[in-house]
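The numbering of the sequence shown is my numbering, which starts it at 2 and goes up by one.
For every residue, glycine included, the Cβ atom is placed at its ideal position computed from N, Cα and C.
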Amino acid sequence: MKKSLWAAFMAAGLLLSGGAMGQVGDGRILAARDALRGGDRNALERLAGNADGHVLDPYVRYWLLTNKLARPDAPPAAELAAFLVTEAGSHLAERLRGDWLRRLAKDGDWAGFNQLYADLQAPDAELRCHARTARLMSGDRSVLAEVAAQWAELVDSPASCEPVLRAAVELGLVGEDEVWWRIRRQTEGRNPSSARATLTWLPSGMPAIGDFDQAVRSPAQFLDRLPANFSVTRAGREQALAALARLARDDARAAHMRLLRIQDRLDGNDRAYAYAVLGWQGALDQMPEAHDWFRAAGKVPMSAAQRAWRVRSALRAMDWPAVREAIEAMPGSEREQPEWTYWLGRALAAERKRNEAEALYARIAGEPHFYGILAAEELGRPFAPPPAGDAATAEHLRQAETDPGLVRALALFRLDMRTEGVREWNWALRGRDDGFAAAAARLALRHDIYDRAINTAERSSPNANFELRYLTPYRDIIEPQVHSQGLDMSWVYGLMRQESRFVIPARSSVGAQGLMQVMPATGKWVANKIGLRDYHPGRLGEPETNVLLGTSYMRLILEGLDNHPVLASAGYNAGPGRARRWRDDKPLEGAIYAETIPFDETRDYVRKVMANTVIYAAMLEKRPQSLKARLGTIGPRSFDSTVFPNE
2 MKKSLWAAFM AAGLLLSGGA MGQVGDGRIL AARDALRGGD RNALERLAGN ADGHVLDPYV
62 RYWLLTNKLA RPDAPPAAEL AAFLVTEAGS HLAERLRGDW LRRLAKDGDW AGFNQLYADL
122 QAPDAELRCH ARTARLMSGD RSVLAEVAAQ WAELVDSPAS CEPVLRAAVE LGLVGEDEVW
182 WRIRRQTEGR NPSSARATLT WLPSGMPAIG DFDQAVRSPA QFLDRLPANF SVTRAGREQA
242 LAALARLARD DARAAHMRLL RIQDRLDGND RAYAYAVLGW QGALDQMPEA HDWFRAAGKV
302 PMSAAQRAWR VRSALRAMDW PAVREAIEAM PGSEREQPEW TYWLGRALAA ERKRNEAEAL
362 YARIAGEPHF YGILAAEELG RPFAPPPAGD AATAEHLRQA ETDPGLVRAL ALFRLDMRTE
422 GVREWNWALR GRDDGFAAAA ARLALRHDIY DRAINTAERS SPNANFELRY LTPYRDIIEP
482 QVHSQGLDMS WVYGLMRQES RFVIPARSSV GAQGLMQVMP ATGKWVANKI GLRDYHPGRL
542 GEPETNVLLG TSYMRLILEG LDNHPVLASA GYNAGPGRAR RWRDDKPLEG AIYAETIPFD
602 ETRDYVRKVM ANTVIYAAML EKRPQSLKAR LGTIGPRSFD STVFPNE
């Protein structure tokens, strides 16, 4: 039996017996959790009344109070306030305060909300919006001016912001153009139904909701049936633009064809907006026309996503002057992000402005991420093995071991309550210095909680704690498979670190499981390919089987995608078929391929896997490494008959 499975077996046995790895009273905590899930208030009352000094006793009381808050007869304020006093400063006090605030907002008790909100330390977007409503309902009209100033940032705000947003419009602090701007952004997005509510805020000329719904639900038919005089009203023009935006999501060329039919009836700004939407959607589909559509859009105001894809379409076209122009047109906060700093440097270098390019590279060179590593290479500095050591002292280690939040988190992890454990752990690290973070990371490592060790080490200096941030656990399982599959150890660890942070029971929202996040259908397909007998989906939870299937899949993808790790990394995340389709008709620099992956998750994934790979290689091989060499060149599209699962 492998070490990891033996440890799990022993932990389970000791937990049941109340031994060293468990704690007397663990059963009561688990019973209370189950009572909460089942809505059993009587059981929660009984278990909360039998406190026995367990480190997680506050959780039982918190669960009881949240159960009461969810009922029509809310608990007395004194009972809630008492918990906030006894657990002051804790994660649970913050959570209960948030739960109580939501109940007060639901009940319309804005005076009580204002009083309680003052002590909330980390409000989420919903509560920040409720707080604005509370100020408004308490007579503070200055909040409306603040909302008007933040109008662009609030386009994706939750429903709890609607009262103050609407009030700002009704009082004339936000004009009709700004309301239509919000409607356009909502229509472009994934949930156009949110635009229906905003339509009702228009002071005049509001289109019929039914007409608007038809424009976004059946855009091609709506555009084909437009009356000749549709453009005489603002509502008519906006509905046509909404239909164009929705059609472009599915078929940008069809949308362009219909735009050509009606563009003479649109003014210059409306035409430019339509071309910005076409350019964005065309770039996501990696269409060569996207670059020209963005040019037709000119300098029309764009969303952040449109500005980003304007750069990417220029990169795909290898039009370096257009890359520079698009990045320089971004707001300063965007332009200074690492990706655009790097690509602006590349654009300037292509125009032989080497000194300006190197000044940009120097801003991010040395930062241990995809663009920082690439920028350093442009300055002639491949990624070198990082120094060992961290900022943790003996005193820091003592503080971490005795910190109440970390102690509670360890107990939660022991009981396999990972979500609660992660929240408790992260709360305990708020505002702590690098030394404490490094000590907490070492504490997590001592308990084999690898994801917390990595994430906690990342909170400190970006150039320290690499031995904690880039762990190599389960090597006795992984290394034999790496050798038998003929894979690069650094790449396997780089991918696995991104997939699961080495959490064995990790499970994604779509069903991927284990250390290598293997989907059940993929596991079955790979098992058949390699002749693994007696396979069933439950075996994905076995570390040995999971690594066998995951590394086998990496090899099969790599062989089917030109033996290129960038393509294979993209294929592992999004499917090999997509990775193939995202190539160009011409050879493409690997960094540009990665930058122009249309899925946000996969683009971020590939960049992180490849940066991880270089860092692991430097640490394992103890010599400088080149990210540019690993990115290489992506060959042009070609026919490949290899069929992978789910394709």
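Counting C-beta atoms within 10 angstroms of its own C-beta, S462 has fewer than 16 neighbours from the protein chains shown and is therefore classed as exposed.
Under a 10 Å Cβ-count criterion, N613 is classified as buried, with 16 or more other Cβ atoms of the shown protein chains found around its own Cβ. Between S139 and the set V165, E154, P124, the nearest pair of CA atoms involves V165.
If you check the CB distance, A169 and A149 come in under 7 Å. Taken through DSSP and simplified to helix, strand or coil, I263 comes out as helix. Residue nearest to K609 within the set A385, L375, P383 is L375 (criterion: CA-CA distance).
In the assembly as shown, G299 is an exposed residue. Its beta-carbon has fewer than 16 other beta-carbons within 10 Å. The three-state secondary structure of T473, taken from DSSP, is coil. Between the C-alpha atoms of A350 and I328 there is a straight-line separation of about 14 Å. DSSP places I505 outside both helix and strand once states are collapsed to three, so it counts as coil. With at least 16 other beta carbons inside 10 angstroms of its own, E500 counts as buried. Per DSSP, reduced to three states, the secondary structure at Q626 is strand. With contacts defined as CB atoms closer than 7 Å, P544 and L285 fail to qualify as a contacting pair. Straight-line measurement puts the Cα of G487 at about 44 Å from the Cα of M331. DSSP places Q514 in the strand class (E or B) of the three-state scheme. I210 counts as exposed, since fewer than 16 other C-beta atoms from the protein chains shown sit within 10 angstroms of its C-beta. Taking the Cβ atoms as the reference, A619 lies roughly 6 Å from A385, within the contact range of under 8 Å. Between G436 and A393 the beta-carbon gap is near 5 Å, inside 8 Å, which marks them as a contact.
By the Cβ test, the region 568-575 is not in contact with the region 527-543, since fewer than three Cβ pairs between them sit closer than 8 Å. By the beta-carbon neighbour count (other beta carbons within 10 angstroms, threshold 16), H448 is exposed. Looking from the CA of T634, the closest CA among A595, A126, T603 belongs to A595.
In the three-state reduction of the DSSP assignment, T597 falls in the coil class, being assigned neither a helical nor a strand state.
Here E357 is actually not in contact with W321; their C-beta atoms are around 13 Å apart, not less than 8 Å. In summary, Q307 is buried, with 16 or more beta-carbon neighbours lying within 10 Å of its beta-carbon over all protein chains present.
Residue burial is scored here from C-beta neighbours: T87 has fewer than 16 other C-beta atoms within 10 angstroms and is therefore classed as exposed.
Collapsing the DSSP output to three states places V408 in a helix. Unbroken alpha helix (DSSP H) stretches of 4 residues or longer found wholly inside the region 287-319: 290-298, 305-317, given in chain order. By the CB criterion at 7 Å, L45 and N68 fall inside the cutoff. Excluding residues up to 5 positions away in sequence, Q287, A571, Y594, T597, I598, P599 lie with their Cβ nearer than 8 Å to the Cβ of W583 in the same chain.
Between P208 and A246, the beta carbon gap of about 15 Å keeps them out of contact (Cβ cut-off 8 Å). With a minimum length of 4 residues, the unbroken runs of alpha helix (DSSP H) contained wholly in the region 209-240 fall at 210-218, 220-225. Where H92 is concerned, the enclosing alpha helix (DSSP H) starts and stops at 92-108.
Selection E290, L345, W344 evaluated against A318 yields E290 as nearest (Cα-Cα). In this structure, the straight-line span from the alpha carbon of V483 to that of T552 is close to 7 Å. Put simply, the region 47-62 does not touch the region 360-380. Fewer than three CB pairs are less than 8 Å apart. The residue among L628, D585, Q240 with its C-alpha nearest the C-alpha of G636 is D585.
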